[in-house]
Every structure is written in C-alpha cells, then in structure tokens.
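Written below as structure tokens is the structure these notes are about.
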Amino acid sequence: MFVRFFITRVLTAFAVVLGVVCLVFMLLHLVPGDPVEVMLGESAHPADKEALQRALGLDQPLHVQFGQYLAGLCQFDLGTSLYSKRPIRELLLERLPATVELGVAALLFALLLAVPLGILAAVKKETAWDFGAMGIALFGVSIPNFWMGPMLILVGALWLGWFPVSGRDGVSSLVLPALTLGTALASILSRMIRSTLLEVLNEDFMRTARGKGLPDRTVIVRHGLRNALLPVITLVGLQLGALLSGAVITETVFSWPGIGSLVVEAIHRRDYPVVQATVLCISTSYVVLNLFTDLAYAWVDPRVRFGARP
Amino acid sequence: MRRILVPLGIILLWALVALLAPVLPLSPNAIDLPQILASGSPDEWLGYDDLGRPIFDRLLVGARTSFLVAFAVVSVSLIIGSLLGTVGAYVGGWLDLILVRVIDVFLAFPGILLAIALAGVMGPGIDNVVIALSVVSWVGYARLARAQVLSMKERDHVHAAVAIGTSPLYIIARHLLPLISAPLIVEASFGMANVVIGEAGLSFLGLGVQPPAASWGSMIRDGTRYMLVAPHMVIAPGLALMGVVLAMNVLGDRLRDWLDVKSQPRKTAKSPLP
Chain A
413 MFVRFFITRV LTAFAVVLGV VCLVFMLLHL VPGDPVEVML GESAHPADKE
463 ALQRALGLDQ PLHVQFGQYL AGLCQFDLGT SLYSKRPIRE LLLERLPATV
513 ELGVAALLFA LLLAVPLGIL AAVKKETAWD FGAMGIALFG VSIPNFWMGP
563 MLILVGALWL GWFPVSGRDG VSSLVLPALT LGTALASILS RMIRSTLLEV
613 LNEDFMRTAR GKGLPDRTVI VRHGLRNALL PVITLVGLQL GALLSGAVIT
663 ETVFSWPGIG SLVVEAIHRR DYPVVQATVL CISTSYVVLN LFTDLAYAWV
713 DPRVRFGARP
Chain B
13 MRRILVPLGI ILLWALVALL APVLPLSPNA IDLPQILASG SPDEWLGYDD
63 LGRPIFDRLL VGARTSFLVA FAVVSVSLII GSLLGTVGAY VGGWLDLILV
113 RVIDVFLAFP GILLAIALAG VMGPGIDNVV IALSVVSWVG YARLARAQVL
163 SMKERDHVHA AVAIGTSPLY IIARHLLPLI SAPLIVEASF GMANVVIGEA
213 GLSFLGLGVQ PPAASWGSMI RDGTRYMLVA PHMVIAPGLA LMGVVLAMNV
263 LGDRLRDWLD VKSQPRKTAK SPLP
C-alpha cells in the first residue's frame, strides 16, 4: 500500500514540476516588447542583438524553444547569465549554502519560540497567558519582513551595535536575518500547535492518562504533544516554502548573499535567464520538500496511505 | 458582532481616507528643501522625508495605493477563483481534473515568489502589480470553493433541484454559492491582508508604483537609507502598514468565529482530490 502511495505521489510531483517548468519558460515571453531589446538596451549593436536572440533561441518557433529549454534542463544546463557571462548553475550553487544556512537558522528560531508559546496557550486556555501568547502570534504574522528587518537593524545594529548591519560574516551576522525570517513562521506554528493540542487534550486517552495518576507534565508532553505534533510536522514542511519566498525579501534587506537576493539582483539587471532559473530552483525545491513531508507523514501515520485524512 | 465592528471600523476608516485622498488638501509631492529629513514637529507631526516631502501626506496617499490594489486584486481573484472552483467541482470529470492540476502548479510557487518574478519581468507599475498579485491569489479561492462545493453538491436540496430540472447555472447561483460564501468571505479577509503586504513588498523591492507616487512599501525602502538620521521615515509607514494588516487578520479571525467556519489548513500544496 505504501509503495502505491509512494508511486502516485512521486508521479504527481513530477507532473507539477513539469507544469512549473512551462510557466517559468513562459516568463521570458511576458517581457513587454522585444525581450532582447529590453535586456541590451535600445542602443545596442544589431549584431549583438542578433547574437543574444540566437543564444536565447528566440529566433526559433515556440515549441522548438521549449524543447531546447527542456533538453537543457535534463542536463542540468540552466543557461548563462547575461550579466556575469557565467553558467547559471554555478551562480546558484555558489549562493545556495547561504540560503540554506539562513533557512535552517530561521526554522530553529521559529520552533524554539513556537513550541513553548503554543503549549502555554493551549494548557492555559482562555487565560491571560493564552491571550498574551496568541496576541504575540497575531503581531508576528502581521509584521512584514521588509519592515521588521530594518527595525531590527535600527535597534540591534545601529543603536545597540550588537550585530552587523548587513552581509554574511560569522554567526553574529546571522542573528537579525534569522529573527526576521523566522518570526512569521513562529507565529503560524504556535497557533497551529495550540489548536492541535487543544483538540488532543479532549481525547479519551488523555483522560485515561490523567485518571491513572500521571503528573500533568507527563500527560501533556508524552500523550498530548506527541499526538499534536504530527500535523505540525506537515505544516513545517509546507512552511519551508514560505520561508524560501520570504528569504527573497529578507536577503535583500540584509544583503545576504543567497538565492533570494539573486532573484532581485537579476530582476534589476534584466538578467531574465537568471530570474527564470532561480524561480525554477526555488519552486522545485518547494515541491520536493512537500513530497518528502507527505511521504514521511504517510510512513509515520498509516491512515494517510489508506486515503483517510487525519 | 461587536467584536467584528472594531477591526472593520479601522479598515473602513482607512478605506475612507484612501477614497478621499485626491480631494483632501494634501501635498504629497510638495518639496520643502529646508525641511529635508526633519523629524516630527507640532505642525508636521510625522516629519519630512529625504526630499523634504511631508510624510503624513504621503502616508494618506500611500493608503490609496494599498487599498486600490487590495480591492482590485481581491475582487478579481475572488470572482475568478470561486467561479472556476465552483464550476470545476460541480461539473467534475476532466474539467475538474485539469483545474486541480493547474491549482497544484500555481501552489508550487511559494508565497509571492511568482508575483515577484511576474512583476519583475512585466516591468514596474500599479497595473502590473495588480496582475501579478491576482495571478497568485485566485488559486486560494478556487481551491476553497472547489472543496466546499464538493461537500455541498451531494446535499438533499441540490439533488431535489436537479430532480425538478433546475438548470445547473441556477443551482450554482442560488443553491451553492450562498452556502459557500461564508468561508470565502473569511478567506477574502485574510487575502486582503496578504495583498496589502504583497503590494508593499513589491514596492519595497522597487517593482511596484514608480516615484513620485507614494506606496507604504516604497516609503519604507526610501527610509532604510537614512535610518540613523531619520528613523521616522521607516517607522511611520511601517506602523500604518502593520496596523492595517493586523486589523484585516483580526477581522478574518473574528469573522471565522462569528460565521462558525471550521478552520481549514491554509495553503497546503497537497492535491485537494478527496
């Protein structure tokens, strides 16, 4: 049964990636007017224009272009950057570690904040603790990254001087970007942990555990949290994607040399092949992360494989 | 009910400001050179920006940008999304299958990444911002409407309507849409918050409205360069933005409680097939 689920799920993910490739391919054709002219500027030499047109395959019919694009992708050939003239694959690999580092740090921070906050809110339901914790969470989802980042820079870097303003140089430079990126995730997670834990707290086995005289802490952690965390794991998997897109703005704010800031730089340089490749890279990793989350979930919880939604 | 009125009032007040911005005596582009980067004073209490323009005036005009985009994007994507979702779920078959696949593909782009790429490629400007954010937003409504109709179309009153020969269009309009409107309204409230953040985010990246037009996002962006000397340039638009987004999120939460909509896992990229 798991094998069947595995195969269907992998095939679906593959179809989705194919759809994503189609959309990303179309991006270049959405450039208003002549993309070559937009990229090179109107005063460019006609020979240069023609060369770029040929390099991008824009002189071919659409289906031939798409075929070439797909064939390139199959060999992990993402094209060449118009700005730095380097293979885009190299650029991405160079930038990837910084984004992964930031993402992992933000995720750790989010979990460290969300788990205690969520438990506190659920256990002390409808008290000042609950309202306080959920109030913090509401603020957390409502503060945009591009405002939280500058405010943290203002307080933590400019006024207090504890952290560098921007760039990537050691652990201290990671703190402010990770806080910025992790806050929204922490807020969503703590709300989710609260609501799943509240559902679990009313289950019969919780009453049994209490009835047999287990201390409160054991009941909540061993019986409650264990069951409540399953949906949370799925949510973490899904939110990793949101983290990736949040990284675009956060990295730009902090001049963090990751994939997210690469997209924005490429847009401003009209380096569209890089925009395409980066968007493709981020979305594909999102699909793959989702796939892993689903498979892990199905492996842990047999109900999923048999079609019942937990 | 009263719990809804507070956030709704805040939003309506801002919407009113946005609506009236062109007729109010504001001078968002008036340059007052001696006042460059001046902080708040009794007669201009939010201070001036790096070009000597009054921040308070720009804040109110920026509200217009935010609310125009939010209203346009939410109405376009709500209408298109819920129509597609409803028709797909009601008709079923290959039409629905295609819809599900298309939704899956759009959900594969995390957050506003697709909007950033679209706005970046199509070029800056408020109309492109509306297009880019609508392309991203319709999916949520389509998915929600589809899921709702799937669970509603087996109800007795729908079967009865089919049995007496009611036309599908009439069934969708009179027997299905009213039933699924509550969750869609809740979703639209959260959706508005997302679009306001999205527009400001695009403008922050320089992909939204172009100078000298004001947007809260571009005001924050301009302010980050003068943070040490003029922090008020960043703080004022940020607080306005956060206040509006907070009110929209609170409204969504309270509407959900009030309309008794069971909370759905939001933004899941799983196939919504049952």
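Respectively, the protein sequence lines represent chains A and B.
Sequential numbering from 413 applies to the first sequence in this note's numbering.
Sequential numbering from 13 applies to the second sequence in this note's numbering.
Glycine residues also receive a C-beta, built at the ideal position from the N, C-alpha and C atoms.
Here the structure is a predicted model, which means the values were calculated and not measured.
- [ ] Compare the Cα-Cα distances from residue 450 of chain A to each of A:689, A:639, A:683 and report the closest residue.
- [x] The option with the nearest alpha carbon to residue 450 of chain A is A:683.
Open item on the list: Bridge partners for residue 599 of chain A per DSSP, in chain order?
Closed with: Answer is none; residue 599 of chain A lacks a bridge partner.
TODO: Please say whether residue 94 of chain B and residue 189 of chain B have beta carbons closer to each other than 9 Å?
DONE: yes
Task: Segment limits, alpha helix (DSSP H) that includes residue 242 of chain B - done: Premise fails: residue 242 of chain B is in no alpha helix (DSSP H) and is neither H nor E.
Task: Short-range partners of chain A found in the region 240-261 of chain B, where Cβ spacing is below 7 Å - done: 240, 243, 246, 250, 253, 254, 257, 258, 261
Task: Within chain B, partners of residue 694 of chain A - CB distance below 9 Å - done: Ordered by position in chain B, the residues that pass the 9 Å Cβ test against residue 694 of chain A are 121, 122, 125.
Task: Residue interval of the alpha helix (DSSP H) (run including residue 454 of chain A) - done: Residue 454 of chain A -> no alpha helix (DSSP H), and no H or E assigned at all.
Task: Inter-residue Cα distance where the pair is residue 172 of chain B and residue 184 of chain B - done: 13 Å
Task: Where the alpha helix (DSSP H) containing residue 695 of chain A begins and where it ends - done: 684-712
Open item on the list: Taking 8 Å as the cut-off, is the C-beta of residue 38 of chain B nearer than that to any heavy atom in the ligand COA?
Closed with: Because no ligand of any kind appears in the structure shown, any question about the ligand COA cannot be addressed here.
TODO: Assign residue 283 of chain B to one of three DSSP states: helix, strand, or coil.
DONE: For residue 283 of chain B, the predicted model reports a pLDDT of 36, less than 50, meaning its position is unreliable; a value from the coordinates is still stated below. Of the three classes helix, strand and coil, the one that applies to residue 283 of chain B here is coil, per DSSP.
Task: CB contact below 9 Å: residue 636 of chain A versus chain B - done: no
Task: 7 Å Cβ cut-off: residues of chain A touching residue 79 of chain B - done: Within 7 Å Cβ-Cβ: nothing; residue 79 of chain B doesn't reach chain A, min ~16 Å.
Open item on the list: Which residue wins for smallest C-alpha separation from residue 195 of chain B, given the options B:153, B:102, B:112, B:42?
Closed with: When only C-alpha atoms are compared, the closest one is B:153.
Task: Residue ranges of each alpha helix (DSSP H) within the region 108-194 of chain B, 4 or longer - done: 125-134, 138-164, 168-175
- [ ] Find the nearest neighbour of residue 200 of chain B within the set B:39, B:16, B:83, B:54, judged by alpha-carbon distance.
- [x] When each option's Cα is compared against that of residue 200 of chain B, the closest is B:83.
- [ ] Could you tell me the distance, in whole angstroms, from the CA atom of residue 101 of chain B to the CA atom of residue 176 of chain B?
- [x] 21 Å
Open item on the list: If we define contact as Cβ-Cβ less than 9 Å, is residue 212 of chain B a contact residue for chain A?
Closed with: yes
TODO: Identify every residue that forms a DSSP beta bridge with residue 56 of chain B.
DONE: B:53
Open item on the list: At the level of alpha carbons, what is the spacing between residue 640 of chain A and residue 633 of chain A?
Closed with: 10 Å
Open item on the list: Assuming contact is defined by CB atoms lying nearer than 9 Å, are residue 38 of chain B and residue 73 of chain B in contact in what I supplied?
Closed with: yes
Task: chain B contact residues for residue 684 of chain A, given Cβ-Cβ distances below 8 Å - done: 133
- [ ] Look at residue 589 of chain A and residue 552 of chain A and say whether their C-beta atoms are less than 9 Å apart.
- [x] In terms of Cβ geometry, residue 589 of chain A and residue 552 of chain A do not form a close pair [threshold 9 Å].
Open item on the list: Buried or exposed, going by whether 16 or more other CB atoms sit within 10 Å of the CB of residue 275 of chain B?
Closed with: Unreliable placement is indicated for residue 275 of chain B, whose pLDDT of 49 sits below 50; the coordinate value is still reported in the next sentence. Note on residue 275 of chain B: under 16 other CB atoms within 10 angstroms of its CB, so exposed under the neighbour-count rule.
Open item on the list: Within the continuous alpha helix (DSSP H) that includes residue 78 of chain B, where are the two ends?
Closed with: 67-103
- [ ] Please state whether DSSP places residue 492 of chain A in a helix, a strand or coil.
- [x] If DSSP states are grouped into helix, strand and coil, residue 492 of chain A belongs with the strands.
Task: Coarse secondary structure for residue 473 of chain A, derived from DSSP in three states - done: coil
- [ ] Quick one: which unbroken alpha helix (DSSP H) runs of 4-plus residues sit fully inside the region 500-577 of chain A? Chain order, please.
- [x] If you keep only unbroken alpha helix (DSSP H) runs of at least 4 residues inside the region 500-577 of chain A, you get 500-535, 540-554, 557-564.
Task: Among B:226, B:205, B:30, B:246, the one whose alpha carbon lies nearest that of residue 85 of chain B - done: B:205
- [ ] With DSSP collapsed to three states, give me the class of residue 721 of chain A.
- [x] At residue 721 of chain A, the pLDDT of 44 sits below 50, so the modelled position is not reliable; the number obtained from the coordinates is stated separately. Residue 721 of chain A falls in the coil class under three-state DSSP.
Open item on the list: Less than 9 Å between the C-beta atoms of residue 236 of chain B and residue 246 of chain B, yes or no?
Closed with: yes
Task: Contact between the region 486-495 of chain A and the region 649-656 of chain A (3+ Cβ pairs under 8 Å) - done: No, the region 486-495 of chain A does not touch the region 649-656 of chain A.
Task: Residues near residue 549 of chain A by beta carbon distance below 6 Å, same chain, minus five either side - done: Around residue 549 of chain A, the same chain offers 599, 602, 603 as residues with beta carbons nearer than 6 Å, after the five sequence neighbours per side are excluded.
Open item on the list: At the 9 Å Cβ level, is residue 486 of chain A part of the contact set with chain B, yes or no?
Closed with: no
Open item on the list: Between which residues of its own chain and residue 704 of chain A is the CB-CB distance below 8 Å, once the five residues before and five after are set aside?
Closed with: 649
Task: Under 8 Å by beta carbon: chain A residues contacting residue 229 of chain B - done: 558
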